[in-house]
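**Q**
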Amino acid sequence: MLRPLFILLALVPGWGLPAQDAPASPTAGDRADVGVLEFSIRDEEGRAIPGRLTFLVDGRTGENLFPNADAAPKDLAVRQDLVYTLSGVGRITVPAGTYRVLASRGLEWSIAEADLEITIGSTSKFDAVLRPEIDTSGWVSADFHLHTLTYSGHGDANPSERVISIIGEGVEVAVATDHNHHTDYRPTITAIGAEGRMLPIVGNEISTPLGHFNAFPLDPGAPIFPPQINEGPALFRLIRSHNSGIGVRTVIQVNHPRWVGIDYFTEVGLDPVSGTTDSPRFSNGFDSIEVFNENAGWGYYEAGIDPIETGSSRHSVLEDWFNLLDLGLRFAAVGNSDSHTVRSNLAGYPRNFLRVDTDDVGELEIRSITEAVRQKNCFTTFGPFVELTVEGAPMGGFATARNGRVSLEIRVQAASWVDVDRVIVVVNGERVLEIPVPDQRERLRLDETREIALGGDAWLALLVEGDTPLAPVVPDTKRPILPLAVTNPVWIDADADGRWIPPARQAVRQLAEVAGDPAALLDTWSRASHTTRKRLLVAAEPHLPTAGLLALRGLADPHRRVRIAACRLVDRLDDPGLDPRLVQILVDSGSDPYLRRCALAAIADPDLRRLELLAWLDRDGPAALTEDAELFEADLPGDFVRTWRVVGYFDPSAAGETPPAPEASGDLDRRFEGRSGDLGWEERQTHRDGYLDLLGLDTDPVLAEHALAYAEVWLRSPIAGEVPFTLGTDDGCVLFVNGEPVVVDTGSHGATPPQHFGKFALQEGWNRALLRVENGRGGFGAYLRVLDDKVLTAPRP
């Protein structure tokens with residue numbers, strides 16, 4: 026619940042507001058039903074400070090009140106229902122109405138709010154006093170992932186709006202990361218008179234087929250990195266060789282690595298349970314990983330497991346980070362807004378706090394920022410301010426246990442409008458301790474010393490969670506925005522031998538000690554945590570005499586990651602005797618598609634695997650094959666249509682908005698008789714993977730853009746009945762079978778084989794299938810697979 030600290034409606038004399046008769050900035054545009062709001066945002070000493078005004082109507086955000094983004098471009102950044110101000114004082118036009126107005130300045134400051142009645146032609150006043158509510162001495166805040174429409178090509182923020190919104194949210198360090206562009210905020214800062222308000226760093230979001238990667242600092246005049254690079258080792262070597270021009274080594278940050286379509290970890294096949302891959306395209310030569318992305322915090326939660334929207338992310342980046350730490354790799358966890366817009370995705374949520382020599386922005390050096398990232402002396406947050414030491418060692422440091430025990434000092438602060446409910450201690454990926462936080466809104470929420478025992482060398486980090494969303498200060502868009510924080514680890518030498526053994530290597534040793542002794546193995550298993558059990562399964566080799574016993578235990582374990590690791594081991598064992606256990610997991614997997622995939626892939630009997638796959642497709646449709654489709658292609662019956670009759674290109678407007686009757690009847694020649702030239706049906710073979718490429722049907726390649734093409738095939742069925750199929754097109758399509766539309770897709774997307782799953786009714790004998798594909802730009806084609814071995818296909822009956 027929002028708890029205001031200040032409700033101040035009276036104008037304080039002498040505060041330097043614009044004169045009563047000064048013209049107001051026309052933020053409401055040219056509408057006539059407006060009044061004027063005279064505002065100020067000040068600190069406790071009366072100094073005007075940058076900040077944001079958010080306008081609520083009936084307690085809700087989202088009203089389109091301020092259409093004029095150019096009202097005062099050197100001072101204001103205006104969108105929809107919010108106004109950022111660089112100066113902290115001003116006069117703006119507001120549509121007549123009743124509002125609750127919030128004044129804010131990011132997660133370190135209090136908020137102020139007031140109820141205002143705006144009447145036509147009158148002037149209302151709102152004077153907000155904000156104060157810092159968190160002691161961040163020795164720390165600075167940073168957003169390492171920021172965009173503009175000007176240089177990224179999408180979003181809505183121009184450079185001035187970007188800078189004003191960053192400063193208005195109290196972010197002290199801002200890395201410009203437009204796509205494949207070295208962006209420098211310094212000229213903009215000078216142009217709007219914002220010198221000394223923040224430290225700008227030149228960066229670039231290098232957007233490649235391999236994924237998206239931020240690099241900073243960069244020389245703004247240097248050539249951009251080739252965006253077509255598709256190999257991690259080559260890309261990272263190129264970035265490392267860059268001369269920033271200021272003598273500072275460039276940081277490489279992996280952005281949203283599980284965001285489908287631009288996900289580095291999926292591209293290189295990084296296993297979400299073991300953290301390993303054998304892809305030569307993978308390189309671990311980066312410095313940091315985004316465990317939070319955007320205001321929604323994509324990456325923290327697990328799709329299908331946590332009861333919250335996870336966007337396009339199918340796996341938890343937080344868990345990926347845990348896995349990599351277990352392997353002994355040391356990457357900083359960071360979180361960034363990835364903001365391309367002024368409002369819909371606010372800058373600074375989440376942000377990072379870094380321990381530095383000085384927190385005076387005017388004296389801050391870029392080198393101290395990059396070193397704090399490399400040393401992992403930082404944390405990422407949506408509100409809670411977290412300090413952690415282990416035996417006196419800070420985040421990123423190295424501690425030595427005393428008789429296998431360590432003392433943690435945990436300190437959590439938060440602004441009064443930020444909820445904090447629990448602190449979770451994570452050791453080697455295991456959530457070993459949950460500390461409840463008292464339900465109060467004072468600055469200091471938790472200040473405790475805890476002692477824990479360790480079973481071996483470890484890394485230790487904290488998760489901090491609150492259950493009350495940050496709205497309306499951070500408006501909910503794609504999901505409620507919760508107050509979360511993740512610290513970077515402290516590495517702990519548990520046995521004080523001067524060496525640190527990664528948890529994954531500890532599991533290998535542990536398994537080797539008991540691998541030949543079933544009783545010892547079962548004893549070890551019974552005493553192990555679920556993360557240790559997972560690591561034992563990952564470490565197990567099929568040739569071990571107790572591998573089958575270990576797999577059986579893992580399949581029966583209640584924890585999903587243990588079961589997934591067990592399915593992987595069973596897959597390597599290739600033992601049909603374990604198939605009934607895998608089928609039971611399929612039955613019990615519920616809404617966990619990834620667990621189901623792993624169980625299905627591990628079934629040794631190919632006929633059983635095919636039956637279970639078809640049952641899954643029948644139940645869940647194309648979602649069953651959205652990920653790892655190639656894993657099951659060999660198990661599907663039937664085949665892709667390999668030979669088609671095709672014709673194109675046509676103007677989409679000629680075909681109408683809905684499936685036209687002439688197409689359904691097959692009278693294409695008469696339907697398009699006005700088209701110049703011969704209609705020109707031709708036979709065309711698909712690629713080896715079943716893809717029908719519809720480019721090149723005309724000598725002029727430009728005609729393929731925003732055009733229609735048709736593909737025809739005949740299907741011969743021995744009996745009448747329903748036959749399953751999969752279909753994927755680039756972009757939209759209509760599939761007719763015997764004149765009836767079976768699939769109508771108006772989307773814009775690339776083609777993948779399992780985009781659509783369905784059944785069409787076939788008559789005994791020959792049946793005509795006609796596919797209409799509408800292209801946008803780029804790729805143009807389709808996959809059609811008939812999932813029945815008895816159905817024959819031919820370009821002509």
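Our numbering puts the first residue of the sequence shown at 26, with every later residue one more than the last.
The beta-carbon is built from N, C-alpha and C at its ideal position, and this holds for glycine as well.
In this text, all values refer to a predicted model and were calculated from it rather than measured experimentally.
My output table needs one value for H204: the three-state DSSP class, helix, strand or coil.
**A** DSSP places H204 in strand when its eight states are reduced to three.
**Q** Specify the secondary structure class of R700 as computed by DSSP and reduced to three states.
**A** Interpretation of R700 is limited by its pLDDT of 42, a score under 50 that renders its predicted location unreliable; the figure taken from the coordinates is listed afterwards. R700: coil per DSSP, three-state reduction.
**Q** Here's the rule I'm using: 16 or more other beta-carbon atoms within 10 Å means buried, otherwise exposed. How should R821 be labelled?
**A** With fewer than 16 other Cβ atoms within 10 Å, it is exposed.
**Q** Can you tell me which of V727, R399, R667, E344 puts its alpha carbon nearest to the alpha carbon of Q710?
**A** Selected option, being the one with the closest Cα: R667.
**Q** Taking L812 as the reference, give the member of R635, V462, Y716, E708 with the closest Cα.
**A** Residue R635 is the option with its Cα nearest to L812.
**Q** Thinking just about the alpha-carbon of each residue, which of G329, S266, E319, L354 is nearest to the one in S299?
**A** Of G329, S266, E319, L354, the residue nearest in Cα terms is L354.
**Q** Applying the 10 Å Cβ sphere with the 16-neighbour rule, what's the burial state of K784?
**A** Exposed, by the Cβ-count rule.
**Q** Should Q609 go down as buried or exposed, given a rule of 16 or more other Cβ atoms within 10 Å for buried?
**A** It counts as exposed.
**Q** Grab me the residues of E133's own chain with a C-beta within less than 8 Å of its C-beta, minus the 5 sequence neighbours each way, in chain order.
**A** If we look at E133 and ignore the five residues flanking it on each side, its Cβ neighbours are P157, E158, I159, T161, S166, G195, F410, A440.
**Q** What three-state label does DSSP hand K559 in the structure shown?
**A** In the structure shown, K559 sits in a helix (DSSP, three-state: H, G or I).
**Q** Provide the residue span of the beta strand (DSSP E) that contains L636, from first to last.
**A** Where L636 is concerned, there is no enclosing beta strand (DSSP E), although the alpha helix (DSSP H) it sits in stretches over 631-645.
**Q** Which residues in the same chain as R222 place their Cβ atom closer than 6 Å to its Cβ, once the five residues preceding and following it in sequence are excluded?
**A** If we look at R222 and ignore the five residues flanking it on each side, its Cβ neighbours are I192.
**Q** With a threshold of 16 other CB atoms inside 10 Å of the CB of V748, please say whether the residue is buried or exposed.
**A** Buried.
**Q** Pick from P726, V727, K815: whose alpha carbon is nearest that of G746?
**A** Per the Cα distances, K815.
**Q** Relative to the C-alpha of V498, which candidate in L243, D100, F250, E138 has its C-alpha closest?
**A** Checking every option, the nearest Cα to that of V498 belongs to E138.
**Q** Here's the rule I'm using: 16 or more other beta-carbon atoms within 10 Å means buried, otherwise exposed. How should K401 be labelled?
**A** Label assigned to K401: buried.
**Q** Apply the 10 Å Cβ neighbour rule to T215 and answer buried if 16 or more other Cβ atoms are within range, or exposed otherwise.
**A** By the neighbour-count rule (16 or more Cβ atoms within 10 Å), T215 is not buried but exposed.
**Q** Considering only residues of the same chain and omitting the five flanking positions on each side of A35, which have a CB-CB separation below 8 Å?
**A** In this prediction, A35 has a pLDDT of 34, which is less than 50 and means its spatial position is unreliable; nothing more can be read from the coordinates.
**Q** Quick one: what's got a C-beta closer than 7 Å to V727's C-beta in the same chain, skipping five residues either side?
**A** Cβ neighbours of V727 beyond the five flanking positions: none.
**Q** Pull up the distance between the alpha-carbon of T395 and that of A590, whole angstroms please.
**A** Looking at the two C-alpha atoms, the distance is approximately 36 Å.
**Q** Using 8 Å for Cβ pairs, my map puts L62 next to R368. What's the rounded Cβ distance?
**A** Going by Cβ atoms, the distance from L62 to R368 rounds to 18 Å, so no, they are not a contact pair.
**Q** Start and end of the beta strand (DSSP E) containing L488?
**A** From DSSP, the beta strand (DSSP E) with L488 extends over 483-490.
**Q** Tell me, to the nearest whole angstrom, how far the beta carbon of A624 is from that of W739; I am working on the premise that it is less than 8 Å.
**A** With 8 Å as the limit, A624 and W739 do not qualify as a contact, their Cβ atoms being about 38 Å apart.
**Q** Is it buried or exposed for K559, if we count other Cβ within 10 angstroms and need 16 for buried?
**A** The residue is buried, with at least 16 neighbouring Cβ atoms inside 10 Å.
**Q** Kindly list the residues whose CB is nearer than 6 Å to the CB of A418, restricted to its own chain and excluding five residues on each side of it in sequence; keep chain order.
**A** Same-chain partners within the cutoff: A424, V515.
**Q** Is it buried or exposed, F118, if we count other Cβ atoms within 10 angstroms and call 16 or more buried?
**A** Here the sequence assigns Thr to residue 118, which means Phe is not the residue at that position. Classification of T118: buried, given that the 10 Å Cβ count is 16 or more.
**Q** What are the boundary residues of the alpha helix (DSSP H) that Q535 is part of?
**A** Taken as a continuous stretch (DSSP letters only), the alpha helix (DSSP H) holding Q535 covers 528-539.
**Q** How many Å lie between G84 and Q105 at the Cα?
**A** In a straight line, the C-alpha of G84 is about 15 Å away from that of Q105.
**Q** Name the residue from A102, S616, E637, Y735 whose alpha carbon lies nearest to the alpha carbon of F675.
**A** For the residues A102, S616, E637, Y735, the minimum Cα distance to F675 belongs to Y735.
**Q** Tell me the residue span of the alpha helix (DSSP H) that contains Q609.
**A** Element bounds for Q609: 604-613.
**Q** Using 10 angstroms around the beta-carbon of L389, count the other beta-carbons present and answer buried if the total reaches 16, otherwise exposed.
**A** Its Cβ being crowded by 16 or more others within 10 Å, L389 is buried.
**Q** Note down the Cα distance separating P251 from E230, rounded to an integer number of angstroms.
**A** Taking the straight line from one Cα to the other gives about 12 Å.
**Q** Tell me the residue span of the beta strand (DSSP E) that contains Y289.
**A** Segment 289-292 is the alpha helix (DSSP H) holding Y289; no beta strand (DSSP E) there.
**Q** Quick one: Cα of A794 to Cα of C758, how far?
**A** So the two alpha carbons sit approximately 13 Å from each other.
**Q** Please classify P570: is it buried, with 16 or more other beta-carbons within 10 angstroms of its beta-carbon, or exposed?
**A** Its Cβ having fewer than 16 others within 10 Å, P570 is exposed.
**Q** Measure the alpha-carbon distance for E455 versus A545 and round it to whole angstroms.
**A** Distance between the alpha carbons of E455 and A545 is about 23 Å.
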